[in-house]
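Report on the structure given below.
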């Protein structure tokens, strides 16, 4: 397994996730240690410095879990390209009205009908620590690899598995 570090790691993970609009975010209950996952849409950004931002409700189970246990996991999938990414990190709630203003999108009104001033609105900051990724070659290369494996009785080359350490 290839391991990438620092800027190279962040660039690789960003290249894999930037066009995937929705991730599954898992957080953990501080008392029962049960995990709970839900789809989340990261807020638009032009670059990835290791931090992703999300809007969330202050009074949600997710917010309670982030307050209790800061560990979180994001999973991204692009089945068409056969790329998969799992990002481990720390989550925190940030009540920064200037940042909310900067990141606001009208799409968020679906969940926060009072807009940027919704009293339940807060930011969830996700700081990535490590990631694992599975990256497949394009469809033609995959097809040739599968056909070759079928004919030769070998295992097909299904792509690259890697690890990214974004803190170093």
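Numbering (our numbering), first residue to last: 1 to 168.
Glycine included, every Cβ here is placed at the ideal spot set by N, Cα and C.
Margin query: With a threshold of 7 Å on Cβ separation, who are the neighbours of residue 89 within its own chain once the five nearest residues in sequence on each side are excluded?
Written below: The residue given as residue 89 occupies position 89 in the chain shown. If you ignore the 5 residues before and after residue 89, its C-beta comes within less than 7 Å of the C-beta of 72, 126, 127, 128 and 129, all in its own chain and listed in chain order.
Next item on the list: Could you check if residue 83 is buried or exposed, using at least 16 other CB atoms within 10 Å of its CB as the buried criterion?
Entry: Counting from one through the chain shown, the residue named residue 83 turns up at place 83. Taking all protein chains shown into account, residue 83 has 16 or more neighbouring C-beta atoms within 10 Å of its C-beta and is therefore buried.
Checklist line | Nearest to residue 52 (by Cα), restricted to the options 58, 74, 110 and 63 | finding: For this step, residue 52 is matched to residue 52 along the chain shown. Comparing Cα-Cα distances from residue 52 to each of 58, 74, 110 and 63, the minimum goes to 74.
Next item on the list: Name, in chain order, the residues that DSSP records as bridge partners for residue 92.
Entry: Taking the chain shown and counting its residues from 1, one reaches residue 92 at position 92. Paired residues: 125.
Item checked: Continuous alpha helix (DSSP H) stretch holding residue 104: start and end -> Indexing the chain shown from 1 puts residue 104 at position 104. From DSSP, residue 104 is part of no alpha helix (DSSP H); its letter is neither H nor E.
Note to self: Check whether the segment 107-124 and the segment 144-154 touch, using three or more Cβ-Cβ pairs below 8 Å as the test.
What the structure shows: At 8 Å Cβ cutoff, the stretches do not touch.
Next item on the list: Would you list, in sequence order, the uninterrupted alpha helix (DSSP H) runs of no fewer than 4 residues that lie entirely inside the segment 3-73?
Entry: Taking only runs of at least 4 residues, the alpha helix (DSSP H) segments lying wholly in the segment 3-73 are 6-17 and 61-68.
Margin query: Let me make sure I understand the geometry here. Which of 122, 147 and 160 has the alpha-carbon closest to that of residue 135?
Written below: Looking up residue 135 in the chain shown gives position 135. Residue 135 has its Cα closest to that of 160, out of 122, 147 and 160.
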